[in-house]
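Under UniProt numbering, think of the first position of the sequence shown as 1, with each following residue one higher.
Inspection log for the structure reproduced underneath, given as structure tokens.
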Amino acid sequence: MPPRLLPHALTPRLFTTPIRQLNRLHARTMASLPADRRPIVISGPSGVGKGTLYKMLFERHPDTFALSVSHTTRGPRAGEVDAVDYHFVPTESFEDLIAKDGFVEHAKFGGNRYGTSKMTIEEQSSKGKVVVLDIEMEGVKQIKQSTISARYVFVAPPSTDALESRLRGRGTEKEESIQKRLAQAINELEYSKTPGVHDIIIVNDDLETAYKTLDDFVYKPLDS
Ligand SMILES: Nc1ncnc2c1ncn2[C@@H]1O[C@H](COP(=O)(O)OP(=O)(O)OP(=O)(O)O)[C@@H](O)[C@H]1O
1 MPPRLLPHAL
11 TPRLFTTPIR
21 QLNRLHARTM
31 ASLPADRRPI
41 VISGPSGVGK
51 GTLYKMLFER
61 HPDTFALSVS
71 HTTRGPRAGE
81 VDAVDYHFVP
91 TESFEDLIAK
101 DGFVEHAKFG
111 GNRYGTSKMT
121 IEEQSSKGKV
131 VVLDIEMEGV
141 KQIKQSTISA
151 RYVFVAPPST
161 DALESRLRGR
171 GTEKEESIQK
181 RLAQAINELE
191 YSKTPGVHDI
201 IIVNDDLETA
211 YKTLDDFVYK
221 PLDS
């Protein structure tokens, strides 16, 4: 039996889509490594939208980035998974790793310890991923003093009122924790004004605009 001819509307797109369009489609679905492969350190006050922004980056460029999973002594929030959101460890194990010089940065915040292990960064980089680190001010200072060469992004809120309403709107923090985070936000914002500390400061007002600024920065050519 001769093959049935498909009506035009059902012809597979492959045969009707111009090559240039196909290439663009292909580029978007393939891992698209930035020219600059150094780890990207993203900092900014709690609740400003760091997580929201880098998750968009991961979704829009699959298989390209890896979030450095931090170690912490704090307990998991509802829905958080060990080794995915954090490596949840007891204080003794955390201190053990400090003694072995196993962290690129570590800090205490809100009564808990947080840190990025050298091993975590090495593992992801060796898989060809661009590592993204979500860390706070003290961690940024330590990485800047370390031998790690990184790019530094600071995410700022459009206003402190907006920051507070995002923190509250997220619904993950108790009042005491919100107050601590807001107090710390003032220090973070002050530090961000130090010249030369960050390569870019992104004000996260309109989300898509902020995302575009982040994407452009991450993918800018090496010589610009
Ligand atoms: N541009 C934006 N406009 C309005 N709301 C936003 C915007 N960006 C993020 N948010 C919301 O703000 C809240 C905090 O965002 P997110 O959890 O990403 O912050 P974070 O900086 O990663 O916080 P933390 O450091 O505590 O993990 C979330 O509910 C998120 O949906």
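Think of the CB as a built atom: it goes at the ideal place given N, C-alpha and C, for glycine as much as any other residue.
Just to confirm the assignment, what range does the alpha helix (DSSP H) spanning Y191 have?
Element bounds for Y191: 175-192.
Kindly indicate the opening and closing residues of the alpha helix (DSSP H) around K55.
It spans 50-60 - the alpha helix (DSSP H) in which K55 sits, taken as one unbroken run.
Answer with buried or exposed for R181, where buried requires no fewer than 16 other C-beta atoms within 10 angstroms of its C-beta.
With 16 or more Cβ atoms within 10 Å of its Cβ, R181 is classed as buried.
Buried or exposed: T209, going by 16 or more other Cβ atoms within 10 Å of its Cβ?
Exposed is the call here.
Boundaries of the alpha helix (DSSP H) in which R168 is found, first to last residue:
Counted as a single uninterrupted DSSP element, the alpha helix (DSSP H) harbouring R168 occupies residues 160-170.
May I have the straight-line CA-CA distance separating K118 from I42, to the nearest angstrom?
A straight line joining the alpha-carbon of K118 with that of I42 spans about 17 Å.
Using CA atoms only, rank isn't needed, just tell me which of V84, L57, G111, P62 is closest to S177.
Of the candidates V84, L57, G111, P62, the one whose C-alpha sits nearest the C-alpha of S177 is G111.
Give every residue of the same chain whose Cβ lies closer than 8 Å to the Cβ of S146, excluding the five residues on either side of it in the sequence, and list them in chain order.
Excluding residues within five positions, the ones whose Cβ falls inside 8 Å are V104, E105.
Buried versus exposed call for L207 [16 or more other C-beta atoms within 10 Å across all chains shown]
Under this definition L207 is an exposed residue.
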